[in-house]
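**Q** Take a look at this one; I'll ask things after.
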């Protein structure tokens, strides 16, 4: 395997693993923002206000159609141009959160729309308010079909965190780049980073698939 | 500097970058289509070894991030004796990455063709190759177009990452302009608009048009 | 599981060789035995209808003959030669793909859900097999196809896609498509079960016309007892993977001997 330096590997592994922790923090934080914001986006597109629906719809489309990397640069650099200083972490979390909120809003919308119309009508018939209808009737039924998509995007966010290295967030890719530049050796750092990603995303994806199958079976007739 | 003046000054560089991005996009799509078809079909083969190769390819490219793949192909592959210029590394990696996702779409589309079509083709004594070519794949093509349209947008967005291995695409040029002028809103904002126009007003309509054409061929329009 | 294959001849010889022979055929799905040591002969030009409750194995008989399913034990012969097995070093072994393709060319099938190719016109569907598999030129294939479409009364719809045709029309095109391959044996698997009642007669009259062609051997699975009585030479009543009773339509339908046959027939009469 072309001159793989084992002692170099052991030397850099702790630093890479520590950076992996940062990666998971960034992914987790971004995911939390995305989950909450995504719900806001989804519900905003169901308000009676045509204007709000239109604006949010176009915003979601815009975010989904443009590269995350570009959005990260935009959020990080545009702030200072107008006097607002954002740390790399903040900018990164906001960018990832916004980007994936757009995706998750579509997942939520799909889940909400899969709830039969009769449920809305039944809620109206017992005079539930809109908020209560969502909270107690609709969202609990919208959640199971949405969970598969939500899980996939968690894995997706995790794989997109390397983009944060370009604005200086000290995650895995950033650490690998630094190690590579310092030692003039890229083989071990980059390969280990790849392996770490595989080690985390493959089992997660597998678990998600099992979870989805079990959920489907639990729900019985619905697809 | 007012925005219009900004655009005038830097339109040349934006254009250069856009052309490179389009080149990367087009070539990556070709690679992705081929990779998806080959690996999707391999994944449905009878021999475990054939299936295994496809699974390894798909899981590796789906389990790691595109950026990691780009760096690895650009910096590490030369150590194995395979050196390619960065433009080639760019579209090849992007294509292979999204081809892995496309493989699942291929499999899903082929499996969505009703069982009865396989049986009717068998009843007419068609060989496996004839059956795939004349009956199954044409119908699978119609099924695959909608999700493939989404994948096309992802490929377009993915090409932005090749800037990080110094390919002079739109992302790269935009970053240069930002470094020179510090007019971040104008620079990145313009780039965002350009990507948006391509995604929303070129790729998506073309895919929708393709869907309509194929649906008509199936007699469904 | 090796079976003693010596009981099965390598070829059927002599006078009166049946066009189709099921010899001791068994088919299992896991623990479920769908066909249980079935023995059935069909002579050339005979029209045999298979009736019976669901799960009795009647559709499996057709599907195995069309090689859509494999058999677990026994041998099926078509036109004197084994279908499911082939000769190797003087013994019978499981048929390989090439052998299956060779014998399969003698059999044609029409399905309950027609299974027309949606991306081809009616004419396109009918020339596909002759051109791709039989190697006919487009001109020859179209000539043959038009003749058959005319026979089934669909010549004027030859340029329509299946999505524009009614169920009865689609099924008639499907019959023409199968006939275009000039099979010796035609299989009809519940071909009217998915049709609206008004159009059933379109299809049954086409099949009735085919019965007059002496060379065609036909096996039909159907719920249309009246139609079966009209055109069949023999009716087989299947129960639990075996032939419970068989005979001419008059014998089986008017004078059933076995209790299960009687029960089934009276239940069917009730439903009608």
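Residue numbers (my numbering), protein chains in the order written: chain D, 1 to 223; chain L, 224 to 444; chain Y, 445 to 716. Where a beta carbon is used, it is the ideal one built from N, C-alpha and C, also for glycine.
1. Consider the Cβ of residue 404 of chain L: report whether some Cβ of chain D lies at a distance smaller than 8 Å.
2. Mind listing the chain L neighbours of residue 573 of chain Y? Cutoff is C-beta to C-beta under 8 Å, in chain order.
3. By alpha-carbon positions, which one of Y:689, Y:528 and Y:673 ends up nearest to residue 455 of chain Y?
4. Which whole-angstrom value is the C-beta distance of residue 118 of chain D and residue 208 of chain D, which I expect to be below 8 Å?
5. Could you check whether residue 525 of chain Y and residue 547 of chain Y sit closer than 8 Å to each other, using their CB atoms as the reference points?
6. Can you tell me where the beta strand (DSSP E) with residue 244 of chain L in it begins and where it stops?
7. Does the beta carbon of residue 69 of chain D come closer than 8 Å to any beta carbon on chain L?
8. Please classify residue 521 of chain Y: does DSSP put it in a helix, a strand, or coil?
9. Taking 8 Å as the CB-CB limit, is residue 271 of chain L close to chain Y?
10. Residue 610 of chain Y: which of Y:643, Y:634, Y:586 and Y:588 sits nearest, CA to CA?
11. May I ask you to list the residues that DSSP assigns as paired with residue 594 of chain Y?
12. Count the other CB atoms within 10 Å of the CB of residue 601 of chain Y; is the residue buried (16 or more) or exposed (fewer)?
13. Does the CB of residue 407 of chain L have a neighbour CB from chain D at under 8 Å?
14. Closest Cβ-Cβ distance between residue 435 of chain L and chain Y: below 8 Å?
15. Check whether chain Y comes within 8 Å of residue 249 of chain L, counting only Cβ atoms and requiring the distance to be less than that.
16. From residue 137 of chain D to residue 213 of chain D, what does the alpha carbon distance come to, in whole angstroms?
17. Less than 8 Å separating the beta-carbons of residue 618 of chain Y and residue 554 of chain Y?
18. Would residue 114 of chain D pass as an interface residue toward chain L - the criterion being a Cβ-Cβ separation below 8 Å?
19. For residue 606 of chain Y and residue 646 of chain Y, what's the separation of their Cα atoms in angstroms?
20. Straight-line CA distance for residue 535 of chain Y to residue 451 of chain Y?
21. Three-state secondary structure (DSSP) at residue 526 of chain Y?
22. In chain D, which residues lie less than 8 Å from residue 287 of chain L when you measure between Cβ atoms?
23. Please check the pair residue 596 of chain Y and residue 626 of chain Y, which I expect to be a contact at CB under 8 Å, by giving their CB distance rounded to whole angstroms.
24. So, helix, strand or coil for residue 689 of chain Y, using DSSP?
25. Give me, in chain order, the residues of the same chain whose beta-carbon lies closer than 7 Å to that of residue 433 of chain L; leave out the 5 immediate sequence neighbours on both sides.
26. Of all the CB atoms in chain L, is at least one closer than 8 Å to the CB of residue 463 of chain Y?
27. Can you check whether the CB of residue 157 of chain D is closer than 8 Å to the CB of residue 31 of chain D?
28. Since residue 468 of chain Y and residue 500 of chain Y should fall inside the 8 Å C-beta cutoff, what is the C-beta to C-beta distance between them, to a whole number of angstroms?
29. Determine, using beta-carbon pairs with one atom in the segment 326 to 335 of chain L and one in the segment 417 to 426 of chain L, whether at least three such pairs fall under 8 Å.
30. In three-state terms, what does DSSP make of residue 478 of chain Y?
31. Is it buried or exposed for residue 194 of chain D, if we count other Cβ within 10 angstroms and need 16 for buried?
32. Can you list, in chain order, the residues of its chain whose CB lies under 7 Å from that of residue 89 of chain D, leaving out five sequence neighbours each side?
33. What does the alpha-carbon distance come out to for the pair residue 613 of chain Y and residue 559 of chain Y?
34. Using a Cβ cut-off of 8 Å, pull out every chain D residue sitting near residue 422 of chain L, in sequence order please.
35. When the cut-off is 8 Å and only beta carbons count, does residue 512 of chain Y lie next to chain L?
36. Tell me the residue span of the beta strand (DSSP E) that contains residue 437 of chain L.
**A** Let me lay it out:
1. At a cut-off of 8 Å, the C-beta of residue 404 of chain L has no neighbouring C-beta in chain D.
2. In chain order: 347, 348 and 349.
3. It is Y:528.
4. Contact check for residue 118 of chain D and residue 208 of chain D: beta-carbon distance about 30 Å, past the 8 Å limit, so the pair fails to qualify.
5. Contact flag set, yes.
6. Secondary structure note for residue 244 of chain L: it is in no beta strand (DSSP E), and the uninterrupted alpha helix (DSSP H) holding it is 226 to 265.
7. Judged by the 8 Å Cβ criterion, residue 69 of chain D is in contact with chain L.
8. The DSSP-derived three-state label of residue 521 of chain Y is strand.
9. Not closer than 8 Å to any Cβ of chain Y, the Cβ of residue 271 of chain L fails to qualify, so no.
10. If we check each option's Cα against that of residue 610 of chain Y, Y:643 comes out closest.
11. According to DSSP, which records beta bridges pairwise, residue 594 of chain Y is partnered with nothing at all.
12. Buried is the call here.
13. Yes, contact with chain D.
14. With respect to chain Y, the C-beta atom of residue 435 of chain L has no partner C-beta closer than 8 Å.
15. Not closer than 8 Å to any Cβ of chain Y, the Cβ of residue 249 of chain L fails to qualify, so no.
16. Distance between the alpha carbons of residue 137 of chain D and residue 213 of chain D: 24 Å.
17. Yes, the pair counts as a contact, with Cβ atoms nearer than the cut-off.
18. False, the Cβ-Cβ gap to chain L never drops below 8 Å.
19. So the alpha carbons of these two residues sit roughly 16 Å apart.
20. Rounded to whole angstroms, residue 535 of chain Y to residue 451 of chain Y spans 11 Å at the Cα level.
21. Residue 526 of chain Y falls in the strand class under three-state DSSP.
22. Residues of chain D passing the Cβ test: 159, 194, 197, 198 and 201.
23. With a contact defined as Cβ atoms closer than 8 Å, residue 596 of chain Y and residue 626 of chain Y miss out at about 15 Å.
24. Residue state, collapsed to three classes: strand.
25. Closer than 7 Å at the Cβ level, and outside the excluded window around residue 433 of chain L, lie 368.
26. At a cut-off of 8 Å between beta-carbon atoms, residue 463 of chain Y makes no contact with chain L.
27. Their beta carbons are under 8 Å apart, which means residue 31 of chain D touches residue 157 of chain D by this criterion.
28. That pair is no contact at about 18 Å.
29. No, they do not touch.
30. Here residue 478 of chain Y carries a strand assignment [DSSP, helix/strand/coil].
31. Buried is the call here.
32. Taking C-beta separations shorter than 7 Å and ignoring five residues to either side along the sequence, the partners of residue 89 of chain D in its chain run 169, following chain order.
33. Whole-angstrom Cα-Cα distance: 13 Å.
34. Against chain D, a Cβ distance below 8 Å from residue 422 of chain L picks out 65 and 66.
35. Interface residue, yes.
36. Taken as a continuous stretch (DSSP letters only), residue 437 of chain L belongs to no beta strand (DSSP E), being part of the alpha helix (DSSP H) at 427 to 440.
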